[in-house]
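Engineer: Mind looking over this structure? Questions follow.
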Amino acid sequence: MEFNVAVYSRCVLTSRDKRTREYRGGLLSYDRAKRDIQSWIREAPGRDCYFTTMFDLYALPNDFPSYAEAMRLTDPYERTRIIETAISEDVNDHRFIPYVQLHEFEALIFADPQQLDWEYLEHAEPIERLKAIVAETINPELINDGPTTAPSKRILAEIPEYDKVTAGVHVAAKIGLDTIRQKCSHFNEWVTELEKL
1 MEFNVAVYSR
11 CVLTSRDKRT
21 REYRGGLLSY
31 DRAKRDIQSW
41 IREAPGRDCY
51 FTTMFDLYAL
61 PNDFPSYAEA
71 MRLTDPYERT
81 RIIETAISED
91 VNDHRFIPYV
101 QLHEFEALIF
111 ADPQQLDWEY
121 LEHAEPIERL
131 KAIVAETINP
141 ELINDGPTTA
151 PSKRILAEIP
161 EYDKVTAGVH
171 VAAKIGLDTI
181 RQKCSHFNEW
191 VTELEKL
């Protein structure tokens, strides 16, 4: 605990059934995300509690604040900044720091796709092809967000059994925060802002 902080994470509440069972993940609308974020903030009113998000820009619901304005821009970094600023203003709590991942979580895996071999040992050739994609783009955060070319779609095209929920997290841990921060500038800006708290 280099920064002497405790971290707790959870997925956004997306629905409840009649028996009060909660379902999280699979973000469907900004309104649901906002309600869950505000509930989360109310649960921990302390001045030393801070809150953040990690929403993928790819397939982000179009009802997010300033979404239409952001999508008219060509610079993906500016798109995320506009949406993050709009979410911050809408939630309106100084302890809340929104973050939108360019273009999705799997961009972080492209910081070092070789580490996929920890989960997928017999996929040397597909992993080499994924490494070639990074060599072409240099910055993994800029791998585009088309329906067949988004980072997760590219991984799935090479490794169909790729599991976003479990393998993605394990591979990112193997890559390590230092490498991800070095290769992914927007992610690094977010982590740096959190460290300053």
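Mapping of the sequence shown onto the working numbering: residues 1 to 197, in sequence order.
Even for Gly, the Cβ is constructed at its ideal location relative to N, Cα and C.
Keep in mind the model is a prediction, meaning the values are calculated, not measured.
Could you give the residue range of the alpha helix (DSSP H) that holds T112?
Structural biologist: Note that residue 112 is Asp in the sequence shown, not Thr. Where D112 is concerned, there is no enclosing alpha helix (DSSP H), given that its DSSP letter is neither H nor E.
Engineer: By how many angstroms is the C-alpha of A107 removed from the C-alpha of D56?
Structural biologist: Cα to Cα, D56 sits roughly 10 Å from A107.
Engineer: How big is the Cα-Cα spacing for K84 and L116?
Structural biologist: Before going further, note that residue 84 is Glu rather than Lys in the sequence given. Cα-Cα distance, rounded: 30 Å.
Engineer: Taking Cβ positions only, does T52 come closer than 8 Å to chain C?
Structural biologist: Any reference to chain C falls outside this structure, which holds one protein chain only.
Engineer: Within its chain, find whatever has a CB closer than 7 Å to the CB of A70; leave out the 5 residues flanking it on each side and keep chain order.
Structural biologist: Counting only Cβ-Cβ distances below 7 Å, and skipping sequence neighbours, we find R79, I82 and I83.
Engineer: Can P147 and K153 be called in contact, C-beta distance under 8 Å?
Structural biologist: Yes, the Cβ-Cβ distance between P147 and K153 is below 8 Å.
Engineer: Three Cβ pairs or more, each shorter than 8 Å: is that satisfied between the segment 118-134 and the segment 187-196?
Structural biologist: No contact exists between the segment 118-134 and the segment 187-196.
Engineer: Could you tell me how far apart the beta carbons of A172 and I109 are, in whole angstroms, since I believe they sit closer than 8 Å?
Structural biologist: So it is a contact: roughly 6 Å between Cβ atoms.
Engineer: For M54, which residues in the same chain have their Cβ closer than 6 Å to its Cβ, ignoring the five residues on either side in sequence?
Structural biologist: Only Y99 and Q101 meet the Cβ criterion.
Engineer: By the 10 Å Cβ neighbour count, where 16 or more other Cβ atoms means buried, how is V5 classified, buried or exposed?
Structural biologist: It is exposed - the Cβ of V5 has fewer than 16 other Cβ atoms within 10 Å.
Engineer: Within its chain, find whatever has a CB closer than 8 Å to the CB of Q182; leave out the 5 residues flanking it on each side and keep chain order.
Structural biologist: Same-chain partners within the cutoff: A111 and N188.
Engineer: Using DSSP with H/G/I as helix, E/B as strand and the rest coil, what is I127?
Structural biologist: Of the three classes helix, strand and coil, the one that applies to I127 here is helix, per DSSP.
Engineer: Distance check for Y58 and V134, CA to CA, integer angstroms please.
Structural biologist: Cα to Cα, V134 sits roughly 18 Å from Y58.
Engineer: Going by C-alpha distance, which of V165, V7 and N139 is nearest Y208?
Structural biologist: Beyond the ends of the chain as shown, which are 1 and 197, falls residue 208; an answer cannot be given.
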